[in-house]
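What the sequence shown shows, in the numbering used here, is residues 171 to 741, in sequence order.
All C-beta atoms, glycine included, are put in the ideal place defined by N, C-alpha and C.
Source: prediction; values computed, not measured.
Reviewing the structure listed below.
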Amino acid sequence: MNSEILGVVASFLITLLIAIPLGKYLAKMFAGEHVWTDFLKPLENGLFKLAGIRPGEPMDWKQFLKAMLTINLLWLVYGFFVLMYQDKLPFNPDGNPGMTADLAFNTIISFVVNCDLQHYSGESGLTYLTQQIIIMFLMFTSAATGIAAAVGLFKAFRDKTTTNLGNFWEFFVKAITRLLLPLSFVVAIVLAFNGTTASYEGKDQFISLQGDTVNVSRGPAAQMIAIKHLGTNGGGWYGVNSAHPLENPSYVTNMVEIISQMIIPMAMILAFGYFIRRKKLGWVIFGVMTVGMFMLMIPTISSELSGNSNLTKMGITQATGAMEGKEVRIGPLATGYWSTLTTIVSTGSVNGMHDSTMPLTGAWQLLGMMINGFFGGCGVGILNYFIYLIIAVFISGLMVGRTPEFLGHKVEAREVKIAALITLLSPFLIMAGTAIAAYLFNNYGDADWAVKPANWLNNPGHHGFSEMLYEFTSANANNGSGFEGLGDNNIFWNVATGFVLILGRFLPIIGPLAIAGLLAKKKYIPESAGTLKIDTVTFGLMTLAVILVLNALSYFPALALGPIAEYFSMK
């Protein structure tokens, strides 16, 4: 147990040691200051020239969003048809079939929006070609899209009054060439040398201890797993994701992968403070997010180490904790640590089965995705938190009887309305989707569909409700993990979650950037004795209280029907 605790503590400290200097580097790099990666400028300029892009051309918030949405739409169309006809393309040594239209629809949306919700099994649902030119490619571009959007927000508050949010294409390309590609190369090398597959050969065979002949999928997995975590994507090369011994062979690779998925989300928060020349604000936000992370992590680990009460009643000893769905080489403590981080940073990768975790652990996993503002995915974490900031500034202004201000700009009705709409969006998508699924399951279970609603759930009752709630929550948060007792590869789940994926990705990017653009062009108001200071611990606690209250009011009834009810039913 002590060695497991030491492993978790070491993972967190190493993450901090990397994230802090990385945050400073990102702030300088995106601000156009001199950094060591400037030797890549000729490559970037060549790409810009080839694409006919003027990287120095300023963009207002509408132009910025137009560029972002246009290129993402292009990837949606391109990827959809490639996935459907992948069986007719080369690099398919295992003869995997093309996807159905509804599965291709869900899959391409999922990877474009950085969710990586997989309604297929990685090694049998895709070919080596599509794993790389679609899946791995989109893992880079979706992460870079989120980072570029965040930098646009940063740029809005760097100057006192401006309409210039920077150039989307410049931020997008730099995010890949100067951040994601170099880090992915390093992580992929580490993984490959520690046992993760990196071959283009087809399936291999071996004889098991029981004498069975087993076919084992291989492929260039190390390359994809690196960006899968660094870009907070999460989609696995193998169906069981990082629980697979060829995707995550040892405790060393486990540490590498968990560190990889946290360093950029953490660094982006600190980069915000350095970029706008308000380091204290960056650290206050970082502190609030860290407190929120521990509020979810500590009860998660406690729940898993306490074991299953039903097994305890049977007299079965659980010295190491709840081991159902866990990998022995990793253990329940490191699995609990991973499950917290993967649900707050939107990675969604798993090193153990979330469907097998204790009921309260499932509640914390769901809540982490519902809040979706404690570090969050690459770039989008700060965008989600920004909405909470605007709400907190507005409420604080009402409490003291002053017009609310954010970084020297008056927050007025239009900005608050946008923030309120974005705040209400997630509960609506999650609750409406879950309600429709539950209604169909209970009232049209025997409908003459290819997959009857009655066959969706392996675990009816409270846990079955949690499985449906988790699926829509994961889709809305662009997380991608799942309670895999749910049969989700059918038209209803592919289409329904596909629409939730799009809305849950782009509206929470559009809203914050619109607010930032509107605020940035307003007249700057210098700080005075009556100005509400947002870079204090007091305001940080106020923001945390707003986050907790908003999400408790929004989600407690659903959580009570699912994981909380299941917890009490086991007593």
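- The beta-bridge partner set that DSSP reports for D374 consists of V386.
- If you compare the alpha carbons of K483, V515, I278, G687 with that of I433, the shortest gap goes to V515.
- C-alpha of F456 to C-alpha of F445: approximately 15 Å in a straight line.
- The Cβ neighbour count for Q431, taken over all protein chains shown within 10 Å, is at least 16; the residue is labelled buried.
- F635 is positioned such that its CB atom lies no closer than 8 Å to that of G603.
- Within 10 angstroms of the beta-carbon of N612 lie fewer than 16 other beta-carbons, which makes it exposed.
- Under the three-state reduction of DSSP output, L656 falls in the strand class.
- Only residues of its own chain outside the window of five on either side were considered, and among them L599, G603, F642, A645, N646 have a CB closer than 7 Å to the CB of V670, listed in chain order.
- Under the three-state reduction of DSSP, F307 is assigned to helix.
- When the alpha-carbon of S698 is set against those of L683, G547, R572, A326, the nearest one is in R572.
- Following the DSSP letters along the chain, one finds Q233 inside the alpha helix (DSSP H) bounded by residues 231-254.
- C-alpha of H204 to C-alpha of P682: approximately 29 Å in a straight line.
- A direct Cα-to-Cα measurement between F275 and M269 gives close to 9 Å.
- P390 sits buried, since 16 or more C-beta atoms from the chains shown fall within 10 Å of its C-beta.
- The stretch 498-510 makes no contact with the stretch 278-291; the number of CB pairs closer than 8 Å stays below 3.
- By a beta-carbon distance limit of 8 Å, Y640 contacts G652. Their separation comes to about 6 Å.
- A residue is called buried once 16 or more other Cβ atoms fall within 10 Å of its Cβ, and V716 is buried on that count.
- At a Cβ-Cβ threshold of 8 Å, M601 and A728 count as neighbours.
- For A624, the CB contacts under 8 Å within the same chain, skipping 5 residues up- and downstream, are F611, G615, D616 in chain order.
- When DSSP states are grouped into helix, strand and coil, E637 belongs to the helix group.
- Linking I606 to S312 through their CA atoms gives a straight-line distance of about 29 Å.
- Under the 8 Å Cβ criterion, the stretch 350-357 does not count as touching the stretch 211-227, having fewer than three qualifying pairs.
- A residue is called buried once 16 or more other Cβ atoms fall within 10 Å of its Cβ, and G292 is buried on that count.
- Between the C-alpha atoms of F327 and L259 there is a straight-line separation of about 47 Å.
- Restricting attention to V426, A620, G372, M306, the CA atom closest to the CA of G265 is found in G372.
- Close CB contacts of I377 within its chain, under the 8 Å cut and outside five residues either way in sequence, are with T383, V384 (chain order).
- For the pair S596 and L530, the CB atoms are not nearer than the 8 Å cut-off.
- Distance from the CA atom of G655 to the CA atom of L287, rounded to whole angstroms, is 15 Å.
- Contact between the stretch 329-342 and the stretch 678-695 is present, with at least three C-beta pairs closer than 8 Å.
- Runs of the alpha helix (DSSP H) lying entirely within the stretch 529-577, each at least 4 residues long, are 529-541, 550-570 in chain order.
- For N276, the uninterrupted alpha helix (DSSP H) run begins and ends at 271-282, by DSSP.
- Distances from the CA of A180 to each of I428, S387, Y408, L353 were compared; the closest alpha carbon is that of I428.
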